[in-house]
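Participant: So that we are looking at the same thing, I have put the structure below in structure tokens.
Residue numbers (the working numbering): 3 to 111.
So this is what it looks like as structure tokens:
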């Protein structure tokens, strides 16, 4: 946790960027690199879809979300991905469970 889900990318294009993506994301989100999870979603699109990054994480202050997106977008553009949509799915510690217990004591940085 947090989770970064990429869709509309080829594995061979995205894989070399993952170390930089994780490092930059962890720095901006103020989390340890080891807890950042990255997934490449393989989907069959039934309509025209842009490439996107879905970020699932706990709420942070708006400025932190903005910095995360600015940094990630710059890295993607720098590597030829210019029309990527990036959005957050905000998780609640009260509704996120580990070993059957909610993370109610989670502290937001």
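Note that the Cβ used here is the ideal one computed from N, Cα and C, for glycine as well.
Beta carbon of residue 23, beta carbon of residue 74: below 8 Å?
Facilitator: Mapped onto the chain shown, residue 23 falls at position 21. Mapped onto the chain shown, residue 74 falls at position 72. Cβ atoms of residue 23 and residue 74: closer than 8 Å.
Participant: Which term fits residue 51, buried or exposed, when burial requires 16 or more other beta carbons within 10 angstroms of its beta carbon?
Facilitator: For the purposes of this step, residue 51 is taken as the residue at position 49 of the chain shown. Label assigned to residue 51: exposed.
Participant: My understanding is that residue 42 touches residue 8, with C-beta atoms under 8 Å, so please give their C-beta distance in whole angstroms.
Facilitator: Within the chain shown, the letter at position 40 stands for residue 42. Within the chain shown, the letter at position 6 stands for residue 8. Residue 42 to residue 8, Cβ: 5 Å. Contact.
Participant: Assuming residue 54 and residue 86 form a contact by the criterion Cβ under 8 Å, report the distance between their Cβ atoms to the nearest whole angstrom.
Facilitator: Locating residue 54 in the chain shown gives position 52, counting from the first residue. Locating residue 86 in the chain shown gives position 84, counting from the first residue. That belief holds up - the Cβ atoms of residue 54 and residue 86 are roughly 6 Å apart, short of 8 Å.
Participant: For the beta strand (DSSP E) containing residue 2, list its first residue and its last residue.
Facilitator: Because the chain here runs from 3 to 111, residue 2 falls outside it and cannot be looked at.
Participant: Could you compute how far the alpha carbon of residue 78 sits from the alpha carbon of residue 84?
Facilitator: Stepping through the chain shown from its first residue, residue 78 is reached at position 76. Stepping through the chain shown from its first residue, residue 84 is reached at position 82. Rounded to the nearest angstrom, the two C-alpha atoms are 7 Å apart.
Participant: With a 10 Å radius around its C-beta and 16 neighbouring C-beta atoms as the bar for buried, classify residue 4 as buried or exposed.
Facilitator: The count along the chain shown starts at 1 and reaches residue 4 at position 2. By the neighbour-count rule (16 or more Cβ atoms within 10 Å), residue 4 is buried.
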